[in-house]
Amino acid sequence: MLLSGVWGLCAVAAAAPRGDYNVFLEQTYTDNAPLEADAQSDWLTVLGVEGVLSEHGGRLDADLRARVAREEYYRNTVEDDTALSLLADTRFWLRPRTLSWAFYDRFARVGETVEDAERPGAQQNANVVWTGPDAAFHLGPVDDWLLGSRVGHTYFESDADSVRYAANTGWRHRTDENAELTVIGRAQQVDFKEESDTAIDYDRYDLFAGHQRTGGSPLQWRAQLGMSRVELDGRDSDDALLLDSEVTYRRSAPTLVGARLAHQYTDATGRLLDTSGILRGLEPVTDLSVGTSLIYERRYELFFRREAPIWTAEARGYYVDEDFKTEDSDRDISGLRLSGSRSLSARADLGGEVYGERIHYQLFEREDKDYGASVSLTWRLGSELRLRGAVGHIVRNSDVDAAEYEENRVLIALVYGGSLD
Numbered sequence: 115m116l117l118s119g120v121w122g123l124c125a126v127a128a129a130a131p132r133g134d135y136n137v138f139l140e141q142t143y144t145d146n147a148p149l150e151a152d153a154q155s156d157w158l159t160v161l162g163v164e165g166v167l168s169e170h171g172g173r174l175d176a177d178l179r180a181r182v183a184r185e186e187y188y189r190n191t192v193e194d195d196t197a198l199s200l201l202a203d204t205r206f207w208l209r210p211r212t213l214s215w216a217f218y219d220r221f222a223r224v225g226e227t228v229e230d231a232e233r234p235g236a237q238q239n240a241n242v243v244w245t246g247p248d249a250a251f252h253l254g255p256v257d258d259w260l261l262g263s264r265v266g267h268t269y270f271e272s273d274a275d276s277v278r279y280a281a282n283t284g285w286r287h288r289t290d291e292n293a294e295l296t297v298i299g300r301a302q303q304v305d306f307k308e309e310s311d312t313a314i315d316y317d318r319y320d321l322f323a324g325h326q327r328t329g330g331s332p333l334q335w336r337a338q339l340g341m342s343r344v345e346l347d348g349r350d351s352d353d354a355l356l357l358d359s360e361v362t363y364r365r366s367a368p369t370l371v372g373a374r375l376a377h378q379y380t381d382a383t384g385r386l387l388d389t390s391g392i393l394r395g396l397e398p399v400t401d402l403s404v405g406t407s408l409i410y411e412r413r414y415e416l417f418f419r420r421e422a423p424i425w426t427a428e429a430r431g432y433y434v435d436e437d438f439k440t441e442d443s444d445r446d447i448s449g450l451r452l453s454g455s456r457s458l459s460a461r462a463d464l465g466g467e468v469y470g471e472r473i474h475y476q477l478f479e480r481e482d483k484d485y486g487a488s489v490s491l492t493w494r495l496g497s498e499l500r501l502r503g504a505v506g507h508i509v510r511n512s513d514v515d516a517a518e519y520e521e522n523r524v525l526i527a528l529v530y531g532g533s534l535d
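Those letters in the sequence shown? Residues 115 to 535, by my numbering.
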């Protein structure tokens, strides 16, 4: 992880990066630090630094985000810890837009079980490294033959480490300067360091066609449709639909609406490799567990975003059905999240969020209903210094009494931020 971070920093630095950083000190009071039915209050002090470096253009496309913070609990209700997050996504073009080498590394904290993924103390570190070359050979003015390969390693603190190899080939046809059509075949092999009832080696084969339009129209989309086959060691093969699509419509500059539909195999590593949210930052990875399970996921999302000179608003609704192939944890999740912010003056901003989520476990009697709300106020004390205050409330209602909890939280933070430009 450290080597990959240094490599990413050097690669980005060589291209005159653009970036920002924050140094922060947070003091929080919570009336349920461990998020348990038997609530325990505590004071939490966090001191840390976070930053982003990026460069896009020429022969280098790179994003590097990092955050490190020391968490100290005054009453030791949760073990003190140094929390580190890293997200590096870099592609260096050996020949302009023809031959490239990709490098990806993500270090994140994930839940040890799907039932308690968000509880402090019930999480562990995971690191995914994924690298390899891509090539495009011109068959004509608008057609390319594509080749790519990857090798990766996943490290967890528990015995869930895995090595995976992947290769793909296909054809790309550019219908115009903003759109392209592809046909891709892909093979992947996943080998676990230590096999168990859930950590079963498998081979996966995908064949799909895709089309995308990324400009030139208010309506844009990305769509892939095909079939996947998974062969688990010692078990029958499993064929399933592969569908991953997203469509957005920007009626005017400040308004964006969209939808996503996905039917696909995934696992903890596959989700950690998802770069769709890389530009949004380092949100906690709370929608997956360390698990070695292979999951067939059906995902449906609708989202809306509105931006105005002094305020923004965003809404996202979703439904996810997860079919676990190697353990009995099948579940479906539905939820709605609303967030927004407003500038109150030249020095003050108001923000808020409300969400609700239902998690239904299909193979045993458990259903959780989570609700939460928070409000924050930020004051700019100077060009680089900010003071932030926030209050929040979350609650989980569950069929399992021991899984229920409720928390009230009050936070005050001092943030010093600057730019590397």
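Backbone N, C-alpha and C define an ideal beta-carbon position, used for all residues, glycine too.
Remember, it's a predicted structure, so these values are computed and weren't measured experimentally.
Start and end residues, alpha helix (DSSP H) containing residue i
i: residue 172; result: Taken as a continuous stretch (DSSP letters only), residue 172 belongs to no alpha helix (DSSP H), as it is neither H nor E.
i: residue 383; result: 382-386
Selected residue, minimal CA-CA separation from residue i, among the options
i: residue 315; options: 256, 381, 330; result: 381
i: residue 471; options: 446, 457, 488, 495; result: 446
i: residue 508; options: 258, 259, 407, 144; result: 144
i: residue 601; options: 218, 161, 209; result: The structure shown does not extend to residue 601, since the chain spans only 115 to 535, so no value can be given for it.
i: residue 450; options: 444, 461, 432, 201; result: 432
i: residue 364; options: 347, 348, 329; result: 329
i: residue 489; options: 524, 477, 481; result: 524
i: residue 295; options: 338, 308, 484, 428; result: 338
i: residue 85; options: 351, 428, 375; result: No information on residue 85 is available, as it lies outside the stretch 115 to 535 that the chain covers here.
i: residue 477; options: 497, 512, 438, 463; result: 438
i: residue 89; options: 166, 211, 183; result: A query on residue 89 cannot be resolved here, the shown segment of the chain reaching from 115 to 535 and no further.
Cβ distance (whole Å) where residue i is taken to contact residue j below 8 Å
i: residue 242; j: residue 268; result: 5 Å
i: residue 148; j: residue 192; result: 6 Å
i: residue 500; j: residue 482; result: About 35 Å; that fails the 8 Å criterion.
i: residue 206; j: residue 214; result: 6 Å
i: residue 505; j: residue 138; result: Contact flag wrong, Cβ pair sits at about 18 Å.
i: residue 456; j: residue 425; result: 4 Å
i: residue 209; j: residue 169; result: Not quite, the Cβ-Cβ distance comes to about 18 Å (not below 8 Å), so this is no contact.
i: residue 306; j: residue 276; result: 5 Å
i: residue 491; j: residue 534; result: Wrong, their Cβ atoms sit about 28 Å apart, outside the cutoff.
Opening and closing residue of the beta strand (DSSP E) in which residue i lies
i: residue 198; result: 195-209
i: residue 343; result: 333-346
i: residue 324; result: 316-327
i: residue 310; result: Where residue 310 is concerned, there is no enclosing beta strand (DSSP E), given that its DSSP letter is neither H nor E.
i: residue 247; result: 237-252
i: residue 358; result: 352-366
i: residue 136; result: 132-144
i: residue 150; result: Note, residue 150: premise wrong, no beta strand (DSSP E); not H, not E.
i: residue 462; result: 462-475
DSSP state of residue i mapped onto helix, strand, coil
i: residue 274; result: coil
i: residue 258; result: strand
i: residue 391; result: Here residue 391 scores only 47 on pLDDT, less than 50, and its place in the model should not be relied on; the value that follows carries that caveat. Three-state result, residue 391: coil.
i: residue 515; result: helix
i: residue 489; result: strand
i: residue 440; result: coil
i: residue 115; result: In this prediction, residue 115 has a pLDDT of 42, which is less than 50 and means its spatial position is unreliable; what the coordinates show is noted afterwards. Looking at residue 115 - three-state DSSP - the assignment turns out to be coil, as it is neither helix nor strand.
i: residue 420; result: strand
i: residue 534; result: coil
i: residue 228; result: coil
i: residue 292; result: coil
i: residue 265; result: strand
i: residue 397; result: With a pLDDT of 49 at residue 397, under the threshold of 50, the modelled position of this residue cannot be trusted; read the value that follows with caution. Of the three classes helix, strand and coil, the one that applies to residue 397 here is coil, per DSSP.
i: residue 191; result: coil
i: residue 520; result: strand
i: residue 407; result: coil
i: residue 369; result: strand
i: residue 503; result: strand
i: residue 120; result: Confidence is the limiting factor: at residue 120 the pLDDT is only 41, short of 50, which leaves the residue's position unreliable, though a coordinate-based value still follows. Correct three-state label for residue 120: helix.
i: residue 528; result: strand
i: residue 478; result: coil
- Query: Do three or more CB pairs link the stretch 230-237 to the stretch 252-263 at distances below 8 Å?
  - Reply: Touching, no.
- Please confirm if the stretch 147-161 is in contact with the stretch 169-181, defined as three or more CB-CB distances below 8 Å between the two stretches. no
- Item | the stretch 316-331 contacting the stretch 276-292, beta-carbon criterion three pairs below 8 Å | yes
- Taking 8 Å as the threshold, find out whether the stretch 411-423 comes into contact with the stretch 297-309 through three or more Cβ pairs. no
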